[in-house]
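Chains A, B and C, in that order, are what the protein sequence lines are. Residues in the first sequence are numbered consecutively from 1, following the working numbering. Residues in the second sequence are numbered consecutively from 237, following the working numbering. Residues in the third sequence are numbered consecutively from 312, following the working numbering. All residues carry an ideal CB built from backbone N, CA and C; glycine is no exception.
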Amino acid sequence: MSEQTIRTSSRKKTTPEQRRRKKTIQITLGIVLIAVILLVSALFQNTNPKAGFILIIGVLLGYTLQRSRFCFTASLRDPMLTGGTLLTKAVIIGLAVSSLLFMAINMSKFGLDLSAFDIKKVAGNVKPAGVNTAIGAFLFGIGAVIAGGCASGTLMRMGEGFAQQWLAFVFFVIGSMLGVFIMVPMDSVPILKGTAVFLPDVLGGWIPAVIVQFGLLALIYLLAQWWGNKKSSGIV
Amino acid sequence: MAEKELDCLGEACPVPLIKAQNALGTMAIGDVLIVHIDHSCAMKNVPDWAREAGHNVELEEIDDGEWDIIIEKAK
Amino acid sequence: MEEKEKKQSLWEFYFKREWSYTTGAVLLSILAVSLVLVTGQAWGVTGVFHVWGGKVLSWFGINADAFPGFNGAVGKYIFANSQVSLTNLGIVLGALLSVLLAASFKYKKIKSRKQVVAAILGGLLMGIGARIAGGCNIGNFFSGIPAFSLAGWIFMVFIFLGAFIGSKMLKKWFM
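Below, the structure is given as structure tokens:
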């Protein structure tokens, strides 16, 4: 770091030797954990030939989330709360990259004219869109900010050793059961149940869908950029 | 030149950042704020924000998974 | 000594120094797509949570499959056949691995009653919200928008509004 040292912390509790020893213990446990993960993956393979691969992709997802301190909650919350839009812009970039890749897969599946289109076969998730989506997402957004982590964030912080997130997880599970009960009567009302909508299907082909999809992503990115600049010049 | 400590151990995002923002808002230029954190996201977003805002920032890992963020108010 | 310091910094570079958010986002996208290529099913997180709840109840002799909306999901459930269960376990282990290899694991206990209330309320709202919307920020949003799903876009707008209200509540009651 080029800037000068302001001061160093007076709060050092451990000696360098103790630190070094603790560090070695943690890294050793990490290496043991790799072995455990590989072993468990091999065991799961007996039940499901893909299970080991799926588990390892999950491990890589968790590693990436932690290593980059990725947080979907923060990407949605920080623009309004702290004025930060770095994460928001990163999420948009992620969405653009996966849009491109998913689009390639879906194009080869359904053809450029969508003649082989089948909503059940779309790569990625096309969930029912309706009033339920709006209500559910709204409640989810409130919950994620209060609990300090969304679905992936909660799992990641459980791994980091956050007791609060373990508690949040228990109630996440209980809430999910309640949500299933609430959904039962809603399922009989079409507007509350929602309908799965694939944009290229309703917008009349790939080209208009691509314009809408990437246009919106670009617009949000630019908005985030503008908002971040505006906020960071004004704070404190 | 005043110095203020802020204990955010055990606090999850965005609490450390908001507390740091509020604390720094009440301080004068040249004052130093030391934020104690043990949340790995805060060790990134608090320094990110403070640098963006133009302050001098120093990050120090004082124990495994525990950091001090030292912010000198610059403007 | 010098040799040792060099080693130290290499370790810091490979295992400790945090990645940029954009690096994270691009890697998550690639991993999410590779998951679809391996299994045909997109990345999700919350879809099995109610089944896990039912499974726990079954250990206490309660048959959750009799509950409305469960449709025998608990009886059919096998961990190794459930992609969402496997990736969820993977995420917890992967995050643990990351902090261990960086030597920055620390157990963080609950500090105040406010944190307890926040975890309970936040957890319940996320659970209910995810089931009503038919997916969470991963299943419906991060795996949804890239699939050109209308639900993904609606989810984005309303999770943003929810996060805004949540921030107000957090500042007022949970700090």
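Check: residue i C-beta below 8 Å from any heavy atom of the ligand GTP
i: residue 45 of chain A; result: The ligand GTP is not part of the structure shown, which contains no ligands of any sort.
9 Å Cβ cutoff, residue i in contact with chain C
i: residue 144 of chain A; result: yes
i: residue 247 of chain B; result: yes
i: residue 241 of chain B; result: no
i: residue 63 of chain A; result: yes
i: residue 254 of chain B; result: yes
i: residue 274 of chain B; result: yes
i: residue 102 of chain A; result: yes
i: residue 279 of chain B; result: yes
i: residue 189 of chain A; result: no
Of the residues the options, the one placed nearest residue i, counting alpha carbons only
i: residue 447 of chain C; options: C:349, C:425, C:341, C:354; result: C:354
i: residue 214 of chain A; options: A:54, A:99, A:44; result: A:99
i: residue 140 of chain A; options: C:440, C:385, C:348; result: C:440
i: residue 365 of chain C; options: C:382, C:455, C:403; result: C:382
i: residue 206 of chain A; options: C:466, C:459, C:394; result: C:459
i: residue 449 of chain C; options: C:344, C:482, C:350; result: C:344
i: residue 90 of chain A; options: C:430, C:390, C:331; result: C:331
i: residue 228 of chain A; options: A:75, A:179, A:122; result: A:75
i: residue 278 of chain B; options: A:218, A:157, A:173, A:43; result: A:157
i: residue 204 of chain A; options: A:63, A:72, A:112; result: A:112
i: residue 62 of chain A; options: C:326, C:369, C:406; result: C:406
i: residue 93 of chain A; options: A:219, A:231, A:29; result: A:219
i: residue 209 of chain A; options: C:472, C:486, C:457; result: C:457
i: residue 150 of chain A; options: C:465, C:453, C:461; result: C:453
i: residue 124 of chain A; options: A:104, A:212, A:181; result: A:104
i: residue 348 of chain C; options: A:41, A:121, A:40; result: A:121
i: residue 481 of chain C; options: C:350, C:468, C:337, C:426; result: C:426
Cutoff 9 Å: residue i Cβ touching any chain B Cβ
i: residue 225 of chain A; result: no
i: residue 140 of chain A; result: no
i: residue 81 of chain A; result: yes
i: residue 482 of chain C; result: yes
i: residue 84 of chain A; result: yes
i: residue 71 of chain A; result: yes
i: residue 204 of chain A; result: no
i: residue 14 of chain A; result: yes
Three-state secondary structure assigned by DSSP to residue i
i: residue 216 of chain A; result: helix
i: residue 419 of chain C; result: strand
i: residue 128 of chain A; result: strand
i: residue 264 of chain B; result: coil
i: residue 162 of chain A; result: strand
i: residue 271 of chain B; result: strand
i: residue 196 of chain A; result: strand
i: residue 454 of chain C; result: coil
i: residue 460 of chain C; result: strand
i: residue 486 of chain C; result: coil
i: residue 226 of chain A; result: helix
i: residue 111 of chain A; result: coil
i: residue 116 of chain A; result: coil
i: residue 85 of chain A; result: coil
i: residue 252 of chain B; result: helix
i: residue 235 of chain A; result: With a pLDDT of only 48 at residue 235 of chain A, under the threshold of 50, the placement of this residue in the model should not be trusted; the figure read from the coordinates follows. Three-state DSSP puts residue 235 of chain A in coil, outside helix and strand.
i: residue 49 of chain A; result: coil
i: residue 329 of chain C; result: coil
Exposure label - residue i; buried when at least 16 CB within 10 Å
i: residue 404 of chain C; result: buried
i: residue 418 of chain C; result: exposed
i: residue 202 of chain A; result: exposed
i: residue 20 of chain A; result: exposed
i: residue 335 of chain C; result: buried
i: residue 283 of chain B; result: buried
i: residue 177 of chain A; result: buried
i: residue 479 of chain C; result: exposed
i: residue 255 of chain A; result: Here chain A covers residues 1 to 236 and nothing more, so residue 255 of chain A does not appear.
i: residue 372 of chain C; result: exposed
i: residue 323 of chain C; result: exposed
i: residue 241 of chain B; result: exposed
i: residue 49 of chain A; result: exposed
i: residue 280 of chain B; result: buried
i: residue 258 of chain B; result: exposed
Extent of the continuous beta strand (DSSP E) run through residue i
i: residue 243 of chain B; result: 239 to 244
i: residue 295 of chain B; result: 292 to 299
i: residue 376 of chain C; result: Counting along the chain, residue 376 of chain C falls outside any beta strand (DSSP E), and DSSP gives it neither H nor E.
i: residue 234 of chain B; result: One cannot answer for residue 234 of chain B here, as it falls past the ends of chain B, which runs 237 to 311.
9 Å Cβ cutoff, residue i in contact with chain A
i: residue 300 of chain B; result: yes
i: residue 409 of chain C; result: yes
Start-to-end residues for the alpha helix (DSSP H) that takes in residue i
i: residue 201 of chain A; result: 199 to 203
i: residue 187 of chain A; result: From DSSP, residue 187 of chain A is part of no alpha helix (DSSP H); its letter is neither H nor E.
i: residue 370 of chain C; result: 360 to 370
i: residue 288 of chain B; result: 278 to 288
i: residue 19 of chain A; result: 16 to 45
i: residue 441 of chain C; result: 424 to 444
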